[in-house]
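Line by line, the protein sequences are chains A and B. According to my numbering, numbering within the first sequence proceeds without interruption in unit steps and concludes at 519. According to my numbering, numbering within the second sequence proceeds without interruption in unit steps and concludes at 473. Think of the CB as a built atom: it goes at the ideal place given N, C-alpha and C, for glycine as much as any other residue. For clarity, every value in this text was computed on a predicted model and none was experimentally measured. In what follows, a structure is listed as structure tokens, so that the remarks can point back to it.
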Amino acid sequence: MRMDNVPLIFEYSVPGRVAVALSDPGVPEVPLEAIVGAEHLRREPAALPEVSEPDLVRHYTRLSQRNYAVDVGFYPLGSCTMKYNPKVNEDAARLPGFARLHPNAPRELAQGALQLLWELDRMFCEISGMDRVTFQPAAGAHGELTALMMIRAYHEDRGEQRTRVIVPDSAHGTNPASAAMCGYTVVTVPSDARGNIDRAALRRAADGSVAALMLTNPNTLGLFEEHVVEVAEIIHGCGALMYLDGANFNAVLGITRPGDQGFDVMHLNVHKTFSTPHGGGGPGAGPVALKQMLEPYLPTPTVERDGDGFRLDDERPKTIGRVRAFVGNFGVLVRAYAYLRTFGPLLRQTSEAAVLNANYLLQRLRPYFDLPYDRTCMHEFVLSGRRQKTQYGVRTLDIAKRLLDYGYHAPTIYFPLIVDEAIMIEPTETESRQTLDAFADALIRIAEECETDPETVRTAPHRTVVTRLDEVAAARNPNLRWRPPTKAGVTR
Amino acid sequence: MTAPVSWQPHKYLPMTAEERDEMLRAIGCSTVEDLLADIPVQVRLRRALNLPPDLAEADLLAHLRQMADRNGHADRLICFLGGGAYDHWIPSAVWHLAGRAEFYTAYTPYQAEVMQGELQAAYEYQSMLCELTAMEVANASMYDGASAVGEAAVMARDLTKRNAVVVSTAVHPQYREVLRTYTRHLGIRIVEVPYQAGLATPERVAAAVGEQTAAVIVQSPNVFGCIEQGRALAQIAHEAGALLIVAVAEPISLGLLEPPGAYGADIVAGEGQPLGNHLNFGGPYLGMLATREAFVRRMPGRLVGATTDREGRRGFVLTLQTREQHIRREKATSNICTNEALNALAAGIYMAALGRTGMRRVAEVNARRAHYAKQRLCAIPGIRPAFDAPTFNEFVLHLPVAPGDLNARLVEYGFLGGLALGRWYPDLADGWLVCVTEARTRAQIDALADVVAQVVRAS
């Protein structure tokens with residue numbers, strides 16, 4: 028990783044430099060005032076940087092060298108499924124027939140794209156055990172919101188005004204946030220001693236005011252909900268619906284299907300389970316798969332088969348409406364399609380390898396850290412740094428930062444909230460045993476350092492381009508943008 | 015019991031059958047099934063997934079190319095279609111850089127010390143978007159233009175504690191649909207103001223605002239390509255104690271047109287696709303969201319801020335995270351988590367590539383060529399402009415033939431024609447929304463006009 032400081036792109040700027048060559052308008056000259064109206068003309072050009080193309084290329088290349096990524100090394104970020112992002116998928120999405128297709132093109136000019144979506148719908152349904160898919164949502168949280176809106180429409184259509192959504196205390200923060208955006212009150216239910224949702228508490232909460240349970244399975248402890256069938260009975264028993272947060276779907280592909288477990292609707296994190304790259308925070312895609320009874324409420328447009336061809340349908344009387352413009356994050360879905368077509372039924376093996384990798388890594392690390400829920404894990408597991416904190420005064424944050432010095436991305440930390448000093452590790456199936464062993468060795472060495480040299484861990488990282496950053500100052504006095512120097516040369 | 019497919023080598027899976035067995039032994043198991051014991055037997059899938067067979071890489075690409083080639087894409091047809099997505103030239107450098115795997119295979123920058131590249135690029139994007147829109151702060155991206163407008167309305171409700179939103183019907187209909195979806199369960203009332211002569215007229219907007227109006231939402235250039243009277247609309251909104259939200263579907267226009275921040279916009283929400291992102295059949299794109307500094311703590315989405323490390327060196331972090339769902343859960347400003355970071359990166363690179371003079375220049379070429387095209391097409395007998403208001407790179411024409419029929423004929427000549435507006439606006443059944451960007455040459459415009467003239471004459 029490059030150690031030298033990289034100036035802001037604005038700081039390279041030299042008046043008069045350009046990084047593009049634009050052709051002349053080549054049409055008869057008409058005063059701009061006559062075209063757009065004098066009152067609408069911009070008076071001062073935007074103070075964008077003025078750089079040449081070589082400046083531009085070097086700048087962003089240098090920035091890229093200050094980034095950790097799956098193609099650089101192991102990324103055991105729990106709940107994020109940082110698996111390898113296949114290169115052929117990138118080539119697929121960049122085919123001009125996909126990348127250069129206009130979303131307003133009439134349907135007869137988009138048959139290839141619609142066919143791809145239709146076939147992806149069929150594959151997602153087979154994998155999830157559901158009946159239909161909407162491709163509208165752009166991300167997992169967007170999928171949650173979409174699904175909850177369909178659930179609400181379903182209940183309202185039956186003349187029921189249900190007001191509450193149940194969320195376990197181990198849930199992702201997006202679950203309660205999505206429920207609130209859909210106008211629901213959130214009821215939090217605790218987890219039991221084995222890390223499952225507490226069924227007694229669930230029974231107490233489940234009544235006619237409940238619209239849905241939002242459950243992650245395997246849950247955020249990396250554990251399969253052992254009583255999922257009974258949980259579904261409780262929820263369905265009070266007329267509510269079962270929603271699956273599909274963030275951890277990578278554990279069970281071809282092994283068990285949410286639709287068979289009693290879930291009525293779920294979102295798929297295409298950027299987790301189906302190998303599409305995270306892009307430094309996005310884009311993702313959060314298609315929602317659902318059972319037939321929710322079909323009338325699908326957001327528009329839906330992809331429909333029409334004789335030998337395909338069409339988009341936006342004439343659906345009971346629809347919840349759109350959640351975004353156009354059909355969805357199509358470019359991301361092309362990558363998912365390509366991924367599924369490289370596996371076929373062999374997809375099951377990805378989950379088996381993911382589960383085995385996680386259990387193998389857990390076995391290696393078990394002696395060195397606390398394990399609050401000691402069960403066979405699925406594709407990820409949650410350790411606790413409690414021992415290191417109480418015995419040596421080293422926090423989990425410090426351990427995470429020290430891992431950066433060893434050349435690894437840190438696991439997810441302090442989540443789920445129900446585990447003190449949580450360290451959530453998800454190796455994925457695309458890592459080799461050698462990588463897992465080397466990572467385990469590093470983490471074990473850090474556990475030893477906590478004992479022998481805690482100060483080095485507490486002050487980590489030491490080998491990164493910057494040391495620990497002052498987040499408190501960043502939030503107290505937000506500096507969210509560069510500002511142009513004033514004429515006197517002072518920053519305004 | 016449930017392993018109908020035997021262990022096979024696969025190019026993405028390093029684990030060999032031998033390693034599998036060794037690793038199982040290391041954890042005291044004999045089969046993978048032992049690891050799945052917590053899954054109730056009655057919910058296990060007892061058969062292989064019924065998926066189409068796996069394809070080798072060459073076969074996969076051939077299959078995908080076959081599907082892609084069935085599409086009438088913008089390399090095959092000369093594109094005069096806009097309506098919320100725009101065919102601009104993307105400098106080669108943009109995706110050579112945004113396509114670097116160090117960027118696209120990274121996660122959200124939660125570990126700032128090893129993510130300074132992404133964080134700095136996002137800070138630069140936020141800064142450039144502020145400059146382009148003349149706003150004080152911008153976030154690191156939303157999903158798309160439509161959802162950004164929906165979130166902006168919720169933000170305005172939270173800021174003003176009022177529960178109605180006035181929106182012009184000259185705002186893109188899909189943006190308005192998303193606005194309705196996003197606000198339906200939050201007690202926000204949507205009041206639509208019918209457009210007049212292609213615009214949100216100050217008179218009609220003034221008549222629609224009231225004591226409960228949280229925001230006035232207009233789009234400029236609007237769905238018809240017409241440039242709104244931003245200053246007058248801002249005044250009306252502010253006099254009523256409401257915010258002005260300006261939706262920008264075509265940010266290239268801001269190279270030439272007065273930016274929303276200069277005429278009093280409180281929130282700019284829009285679509286960043288035209289800034290260096292491909293058409294992609296509708297996504298991934300990026301939502302732009304910018305506002306006043308005073309409103310930043312009610313803003314949804316990720317924000318990157320500058321700070322210092324222990325040695326006093328400049329560094330960047332995700333900041334003001336107490337607004338966000340992973341901290342505040344149901345009290346967060348929004349549920350958004352994953353955004354469109356890579357598309358924002360491309361937008362940032364695009365804005366830097368164009369720069370101060372290039373952004374102005376590209377906008378000017380759009381306006382000039384579109385104006386030329388409007389004149390050429392309006393010279394055809396039977397065709398007339400729908401509205402008199404000034405336009406940027408899109409405009410509506412009344413056609414003497416059905417727009418859909420004309421488009422079908424144009425495909426035969428190698429053109430992707432304008433948008434037939436009747437589906438969105440029944441009163442504009444003969445309306446044809448034409449888009450002319452800098453990517454269209456004079457020769458292409460002339461060729462289009464010749465074919466349109468021929469088709470109209472023959473009808």
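Check                                                                                                                                                                           : Outcome
Pull up the distance between the alpha-carbon of K345(B) and that of E252(A), whole angstroms please.                                                                           : 27 Å
Is L431(A) closer than 7 Å to V318(B) when the C-beta atoms are compared?                                                                                                       : no
Taking Cβ positions, are V282(B) and V260(B) nearer each other than 7 Å?                                                                                                        : yes
Express the C-alpha separation of L433(B) and D82(A) in angstroms, rounding to a whole number.                                                                                  : 39 Å
Taking all protein chains shown into account, do 16 or more other C-beta atoms lie within 10 angstroms of the C-beta of E165(B), making it buried, or fewer, making it exposed? : buried
At a Cβ threshold of 7 Å, is A178(B) touching chain A?                                                                                                                          : no
With which residues is Y270(A) paired in a DSSP beta bridge?                                                                                                                    : M241(A), V292(A)
Determine, for E253(A), whether the minimum Cβ-Cβ distance to residues of chain B falls below 7 Å.                                                                              : yes
Counting only C-beta atoms, is Q418(A) closer than 7 Å to chain B at any point?                                                                                                 : no
Determine contact between the region 166-175 of chain A and the region 301-308 of chain A, defined as no fewer than three beta-carbon pairs at a distance below 8 Å.            : no
Could you work out which residue in G222(A), D425(A), V421(A), T190(A) is closest to D234(A) when comparing CA atoms only?                                                      : T190(A)
Please report the straight-line C-alpha distance between E11(A) and F276(A), rounded to a whole angstrom.                                                                       : Residue 11(A) cannot be examined here, being either before or after the span of chain A that is shown, 28 to 519.
What are the boundary residues of the beta strand (DSSP E) that H412(B) is part of?                                                                                             : 408-412
Which residues, taken in chain order from the region 198-216 of chain A, show a beta carbon closer than 7 Å to some beta carbon of chain B?                                     : G200, T201, P203, A204, S205, A206, A207, M208, C209, G210, V213
Could you pull the start and end residues of the beta strand (DSSP E) that A316(A) belongs to?                                                                                  : 315-317
Locate the alpha helix (DSSP H) running through Q249(B), then write down its first and last residues.                                                                           : 244-253
Report the rounded CA-to-CA distance for V354(A) versus A251(B), giving the unit in angstroms.                                                                                  : 33 Å
Chain A beta carbons: is any one of them nearer than 7 Å to that of M15(B)?                                                                                                     : The predicted model places M15(B) with a pLDDT of 41, which falls under 50 and marks its position as unreliable, so this point remains unresolved.
Measure from the C-beta of D184(A) to each C-beta in chain B and report whether the shortest distance is under 7 Å.                                                             : no
Closer than 8 Å, Cβ to Cβ, to anything on chain B: give me those residues from the region 96-107 of chain A, in chain order.                                                    : A96, V97, D98, V99, Y102, L104, C107
If contacts are defined as beta-carbon pairs under 8 Å, then H67(A) and L271(B) qualify, I think. What distance do you get, rounded to the angstrom?                            : 5 Å
Please return the same chain residues whose Cβ sits closer than 6 Å to the Cβ of H298(A), not counting the five positions on each side in sequence.                             : H305, G311
Measuring only between beta-carbons, confirm whether Y100(B) sits less than 7 Å from chain A.                                                                                   : no
Between the alpha carbons of G516(A) and R510(A), how many angstroms are there, rounded?                                                                                        : In this predicted model, G516(A) has a pLDDT of only 47, less than 50, meaning its place in the structure is not dependable; the value taken from the coordinates is given anyway. Each residue's Cα considered, the two are about 12 Å apart.
From the DSSP output, in three-state form, read off S411(A) for me.                                                                                                             : strand
Quick one, which residues of the region 457-477 of chain A are near chain B if we go by CB-CB under 9 Å, in chain order?                                                        : T457, E458, S459, R460, Q461, T462, L463
Hey, is Q163(A)'s beta-carbon within less than 7 Å of any beta-carbon in chain B?                                                                                               : no
For R159(A), which three-state DSSP category applies?                                                                                                                           : strand
What separation, rounded to the nearest whole angstrom, lies between the Cα atoms of R245(B) and D280(B)?                                                                       : 12 Å
Helix or strand or just coil, what does DSSP make of P399(B)?                                                                                                                   : strand
Are any of the Cβ atoms in chain B nearer than 7 Å to that of R159(A)?                                                                                                          : no
Put E513(B) into one of helix, strand or coil per three-state DSSP.                                                                                                             : Since the first and last residues shown for chain B are 15 and 473, residue 513(B) lies out of range.
Leaving out five residues on either side along the sequence, give the residues of the same chain with a beta carbon under 8 Å from the beta carbon of P90(A).                   : Rather than Pro, the amino acid found at residue 90(A) in this sequence is Leu. V33.
Alpha carbon to alpha carbon, how far is L367(A) from N384(A)? Give it in angstroms, no decimals.                                                                               : 21 Å
Let me know if S155(B) comes out buried or exposed under the rule of 16 or more other beta-carbons within 10 Å of its beta-carbon.                                              : buried
Which residues in chain A have a C-beta closer than 7 Å to the C-beta of C144(B)? List them in chain order.                                                                     : R508
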